[in-house]
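Chains as they are written, first to last, in this note's numbering: chain A, 37 to 373; chain B, 26 to 342.
Below is one structure, written out as structure tokens; comments come after it.
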């Protein structure tokens, strides 16, 4: 069966205006999400690495400039009317800012009632209320504390969970969550992430969890993709990637997380670079070469392929060139095995 | 004990609200030694930013300092007039405010923003001296000299944050208050910025107050940590003590809420919600969220007391 959502070798280049160079936001990424195998896929990277671009492409909010995003086997750009409606229902989004997504003039009920009406989820008002209440409880909220209120009367954590509830109302197959916890307190972060995990385990919903926080990705996800400047640096089972990172960038990311240890080893670590990354990506060669402690002349010559170092893992680094190189578009298959 | 560079004694800050007074900072006392790195940790709404601002007398109405004193070396800040306070800010106590990288003036070059600060504090320099000073400052925060002639939009987040640190330290302050200086930055850039701050602080022999909620960052950067909850300090101890032997249940919860990189499935939030300051629970403010709470916790407010080298406000410690 065709995967629910599949990205096949997708690229996105934003055209530069007025003589500026164009920006490559995503380079040849492949990914597959199967409806019958719900899981959480984390996409990790620094700002500007292309993770939000990926979310927009999968949600159909932007069109790829190369490759294809497919929904149940058909190109997202060529969906028929009924397919598009099904897609809009199957794939839901939760965005970063739980403050900006609400219209402050409407009560929060509005964001929940609209999809119920639009997709005719309930036959009567009473049934709609019932459904909304049930969904709010599923994300750990008490309906009586939420309904009838205005957004500013709720805390950031509550607002973000209402957004998760809104997505859940439609019984989607996939939720694309773009930095859903970066704006809430550390203590609440865990609660929201656990409710996301529950959606996968109990409701069979897959989640694409986009974040810059590798530690939370490790906690909730099954599979991880590490992006660096539009390219996949490393991808695979989260347990392997985080506990035994192979790409020098993944290693750097993990070492840069300050730990609550007695050992004060964080600031004294020799940092690859006070150097800021250049604004323009080198036309050829590995995009990490200018910061890589292991850089060799080979790295400057050509962009590395993704090498399959383990059955479910691929690393874009020439150190691993003795492993088989993945053909373009095959990453999704490798990760889905 | 060496001469304290900053002392906060019994500070109380409140905000007037139609439904009653919001006690944002409640009877907070601590002191900093020269060159010390002190952390203030807590959830949003715990009063840590308000405390940082009230040290500089930067609380605006409806907020007001109700009681308590702040001493900078031998000066009681309440004795200074507004002009004296203005002179002291930046030159003696500097602030790197929250989201400061967005506080740079978008239409001025970085060098202009530095010279404005110098001129405002009465430094009359020649062109050459100015250039010299800017070059030194930028070099100290690890920025190339070309940044001087750039506008903020030409800089990355990390570079903007460094520029803010350069401005904050341009008059060689003795105390630097940094309010979540890296909260919007990636981990790799965060480490670079914190390393820069550490280096500068050592150079200036300045004390630093780092305000934040990331216990990992605190563990790696500060010497001593104060944990705030609902406007009060609930634990103050050397950082090694806090990490190995947190005494307050809230401190333990804060550390536990940090996602582990060693063990999966160990994600623990702090149960319940941060309290509404207008309507605090009686007794210990943390008791509704505390798994160990007893009847005494519900009725009697615990005082901050000394327990072998640490200060803890918990009946059970």
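Cβ coordinates follow ideal geometry from the N, Cα and C atoms, glycine included.
These numbers were taken from a predicted model, which means no experiment stands behind them.
Residue burial classification, residue i (beta-carbon count within 10 angstroms, cutoff 16)
i, result
"residue 316(A)", "Low confidence applies here, because residue 316(A) scores a pLDDT of 45, under 50, leaving its location unreliable and the question unanswered by this model."
"residue 89(A)", "buried"
"residue 185(B)", "buried"
"residue 373(A)", "exposed"
"residue 163(A)", "exposed"
"residue 21(A)", "A question about residue 21(A) goes unanswered here, because the residues of chain A that appear run from 37 up to 373."
"residue 37(A)", "exposed"
"residue 322(B)", "buried"
"residue 333(B)", "exposed"
"residue 132(B)", "exposed"
"residue 264(A)", "buried"
"residue 250(A)", "buried"
"residue 338(B)", "buried"
"residue 16(B)", "Missing from the structure shown is residue 16(B); chain B here goes from 26 to 342 and no further."
"residue 298(A)", "exposed"
"residue 257(B)", "buried"
"residue 276(B)", "buried"
"residue 82(A)", "buried"
"residue 62(B)", "buried"
"residue 269(B)", "exposed"
"residue 116(A)", "exposed"
"residue 171(A)", "buried"
Own chain, CB closer than 6 Å to residue i, minus 5 neighbours either side, in chain order
i, result
"residue 166(B)", "187, 190, 191 and 221"
"residue 234(A)", "none"
"residue 64(B)", "235, 243, 247 and 250"
"residue 262(A)", "80, 269, 270 and 286"
"residue 199(A)", "130"
"residue 314(A)", "Here the model assigns residue 314(A) a pLDDT of 46, short of 50, so the residue's position is not dependable and the matter cannot be decided."
"residue 78(A)", "245, 253, 257 and 260"
"residue 341(A)", "361"
"residue 356(A)", "343 and 345"
Sequence-distant residues of the same chain with beta carbon closer than 7 Å to residue i, five excluded per side
i, result
"residue 101(A)", "47, 48 and 49"
"residue 366(A)", "66"
"residue 183(B)", "210, 214, 217 and 218"
"residue 348(A)", "272, 273, 370, 371 and 373"
"residue 187(A)", "138, 140, 144 and 195"
"residue 197(A)", "175, 176, 177, 228 and 231"
"residue 346(A)", "272 and 276"
"residue 267(A)", "63, 323 and 352"
"residue 255(B)", "71, 300, 302, 305 and 310"
"residue 92(B)", "35 and 37"
Assumed close pair residue i, residue j - CB separation to whole angstroms, cut-off 8 Å
i, j, result
"residue 81(B)", "residue 120(B)", "6 Å"
"residue 363(A)", "residue 344(A)", "Not a contact, Cβ separation roughly 10 Å."
"residue 105(B)", "residue 115(B)", "The pair is not a contact, with the Cβ atoms about 14 Å apart (cut-off 8 Å)."
"residue 79(B)", "residue 50(B)", "6 Å"
Neighbourhood of residue i by C-beta, 8 Å cutoff - its chain only, sequence neighbours within 5 removed
i, result
"residue 60(B)", "226, 227, 230, 231 and 232"
"residue 172(B)", "135, 163, 180, 184 and 188"
"residue 168(B)", "184, 187, 188 and 191"
"residue 175(B)", "134 and 135"
"residue 264(B)", "64, 243, 244, 247, 248, 249 and 250"
"residue 224(B)", "165"
"residue 101(B)", "94 and 95"
"residue 225(A)", "217 and 252"
Below-8 Å beta-carbon distance, residue i vs any chain E residue
i, result
"residue 126(B)", "Of the protein chains in the structure, A and B, none is chain E."
Give the residues from the stretch 232 to 256 of chain B that approach chain A closer than 9 Å (Cβ to any Cβ), ordered along the chain.
-> Going along the stretch 232 to 256 of chain B in chain order, one finds 238, 239, 240, 241, 242, 243, 244, 245 and 246 with a Cβ nearer than 9 Å to chain A.
Report yes or no: do three or more beta-carbon pairs, one from the stretch 128 to 137 of chain A and one from the stretch 195 to 212 of chain A, lie closer than 8 Å?
-> Counting C-beta pairs with one atom in each stretch, the stretch 128 to 137 of chain A and the stretch 195 to 212 of chain A have three or more that are closer than 8 Å, which means they touch.
Pairing CB atoms from the stretch 197 to 211 of chain B with CB atoms from the stretch 115 to 132 of chain B, are three or more of them under 8 Å?
-> Three or more beta-carbon pairs drawn from the stretch 197 to 211 of chain B and the stretch 115 to 132 of chain B are found closer than 8 Å, and the two stretches are therefore classed as touching.
If you measure beta-carbon to beta-carbon, which residues of the stretch 199 to 231 of chain A are closer than 8 Å to chain B?
-> Answer in chain order: 221, 222, 223, 224, 225, 226, 227, 229 and 230.
Where the stretch 251 to 273 of chain A meets chain B: residues whose CB sits under 8 Å from a CB there = Residues passing the 8 Å Cβ filter: 251, 252, 254, 255 and 256.
What are the residues of the stretch 287 to 301 of chain B that lie near chain A, defined by any Cβ-Cβ distance shorter than 8 Å?
-> Taking 8 Å as the Cβ-Cβ cut-off against chain A, the residues of the stretch 287 to 301 of chain B that qualify are 289, 290, 291, 292, 293, 294, 295, 298 and 299.
Touch check for the stretch 237 to 246 of chain A and the stretch 290 to 303 of chain B: three-plus C-beta pairs under 8 Å?
-> The stretch 237 to 246 of chain A, when compared against the stretch 290 to 303 of chain B, does not touch it at the 8 Å Cβ threshold.
Tell me, please, whether the stretch 184 to 197 of chain A touches the stretch 107 to 122 of chain A by the rule of three or more beta-carbon pairs shorter than 8 Å.
-> Three or more Cβ pairs closer than 8 Å define a contact, and the stretch 184 to 197 of chain A falls short of that threshold against the stretch 107 to 122 of chain A.
Proximal residues, the stretch 257 to 285 of chain B versus chain A, C-beta separation under 8 Å = Identification of residues in the stretch 257 to 285 of chain B having a C-beta nearer than 8 Å to some C-beta of chain A yields 265, 268, 269, 278, 279, 280, 282, 283, 284 and 285, given in sequence order.
Going along the stretch 67 to 81 of chain B in order, which residues come within less than 9 Å of chain A, judged by CB to CB distance?
-> Hits within the stretch, in order: 68, 69 and 70.
Within 9 Å of chain B by C-beta, residues of the stretch 138 to 169 of chain A in sequence order = Those would be none; no residue qualifies.
Using a Cβ-Cβ cut-off of less than 8 Å, give me the residues of the stretch 170 to 182 of chain B that come near chain A, in sequence order.
-> Going along the stretch 170 to 182 of chain B in chain order, one finds 181 and 182 with a Cβ nearer than 8 Å to chain A.
Would you call the stretch 320 to 340 of chain A and the stretch 283 to 300 of chain A touching, i.e. three or more CB-CB distances under 8 Å?
-> Taking one beta carbon from each stretch, the stretch 320 to 340 of chain A and the stretch 283 to 300 of chain A have 3 or more pairs nearer than 8 Å; the two touch.
Please list the residues of the stretch 188 to 216 of chain B that have a C-beta atom closer than 8 Å to any C-beta atom in chain A, keeping them in chain order.
-> Those would be 211, 212, 213, 214, 215 and 216, in chain order.
The stretch 78 to 112 of chain B: positions lying closer than 8 Å to chain A by Cβ = The residues in question: there are none.
Using a beta-carbon distance cut-off of less than 8 Å, what residues from the stretch 58 to 87 of chain A approach chain B?
-> Taking 8 Å as the Cβ-Cβ cut-off against chain B, the residues of the stretch 58 to 87 of chain A that qualify are 82 and 83.
Below 7 Å between beta carbons is the criterion; list the residues of the stretch 100 to 119 of chain A that meet it against any residue of chain B, in chain order.
-> From the stretch 100 to 119 of chain A, no residue has a Cβ closer than 7 Å to chain B.
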